[in-house]
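Our numbering puts the last residue of the sequence shown at 588; the count rises by one with no breaks. One structure below.
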Amino acid sequence: VLAAFFYRALSVRALTDILIESARSSAAVGLVIGGALILNYVVASENIPNIVARELVGLDVHPLVFLLGVNVLLLLLGCILDATTIILVIIPLFLPTCRELEIDLVHFGVVAVVNCMIGLITPPYGILLFVINAVTRIPLAEIIREIWLFLAVLIAALAAMILFPGIVLWLPRAFGYPG
Numbered sequence: 410v411l412a413a414f415f416y417r418a419l420s421v422r423a424l425t426d427i428l429i430e431s432a433r434s435s436a437a438v439g440l441v442i443g444g445a446l447i448l449n450y451v452v453a454s455e456n457i458p459n460i461v462a463r464e465l466v467g468l469d470v471h472p473l474v475f476l477l478g479v480n481v482l483l484l485l486l487g488c489i490l491d492a493t494t495i496i497l498v499i500i501p502l503f504l505p506t507c508r509e510l511e512i513d514l515v516h517f518g519v520v521a522v523v524n525c526m527i528g529l530i531t532p533p534y535g536i537l538l539f540v541i542n543a544v545t546r547i548p549l550a551e552i553i554r555e556i557w558l559f560l561a562v563l564i565a566a567l568a569a570m571i572l573f574p575g576i577v578l579w580l581p582r583a584f585g586y587p588g
C-alpha cells in the first residue's frame, strides 16, 4: 500500500474499491465457513459420522470399495459444489469410517483434496473454467471442449493414488510419518 502511494500507482478511490471488493469476498468465504460450522455442529451432535461408520463397517465394506465410492461421490459433488464446502462439510462425515476401516487419514486427505481440485475444472460449474474464461477471453464452450483430456488424465492419476497409497505416502514416510 505504501509503495502504491509512493509511486502514485494507486489512488485513494482505487484503494477504496479494492478494500470494498476484498470485504465482499471475505464475507462470502466467512458465510460459507459459518454455515459449514453450523452444519458440522448439527451433524456431530446427532452423531451422524459415527452412525455411518458403524453401518458401513457392519456391511463389511472393503476399504478400497469405500474409497472408490467416496471418490465417485466427491467427483459428482465437485461438479456442483465449491471445494471449500466439500472439505468443510462432506469430508468430516467420512473420517470415522476411515478410522474404522483403517484407511490412512493422510492418504484419504490427499486423495480428497486432489478430488476437489478436479472438481474445480469439471463442467458445468467448475469455478476455474470461469476464471480461465475471464482471464483469457476464450469462449467457455471452447474451454469445456478442450478440458476433457485433462480430466481423463487427472482421474487416472486419482485412481492410481487410490489404488497405490504409496504414491501419496512416500514423502510423509520419508520424513518419519509412521503411516
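Positions of the beta carbon are idealized from the N, C-alpha and C atoms, including for glycine. All figures in this text were calculated on a predicted structure; none of them were measured in a lab.
| Query | Result |
| --- | --- |
| Under 8 Å between C-beta atoms of V520 and M570 | yes |
| First and last residue of the uninterrupted alpha helix (DSSP H) at E455 | That residue, E455, is in no alpha helix (DSSP H); it is neither H nor E in DSSP. |
| Sequence-distant residues of its chain with Cβ nearer than 7 Å to G487 (five each side left out) | I495, N524, C525, I527, G528 and T531 |
| Cβ-based neighbour list, I512, same chain, cut-off 6 Å, excluding 5 preceding and 5 following | P472 |
| From V515, L560 and G444, residue whose alpha carbon lies closest to that of P574 | V515 |
| heavy atom of the ligand ADP below 7 Å from P574 C-beta | Of ligands this structure carries none, so the ligand ADP is not represented either. |
| Beta-carbon gap between F475 and L484 smaller than 8 Å | no |
| Integer-rounded CB distance, given that L549 should sit under 8 Å from L538 | 6 Å |
| Collapsed DSSP secondary structure at V470 in the structure displayed | coil |
| For C525, the three-state DSSP class (helix, strand or coil) | helix |
| Span of the alpha helix (DSSP H), counted from its first residue to its last, around P505 | I500 to E509 |
| For L490, three-class secondary structure by DSSP | coil |
| Collapsed DSSP secondary structure at I547 in the structure displayed | coil |
| Neighbour-count burial assignment, P533, 16 or more Cβ in a 10 Å radius | exposed |
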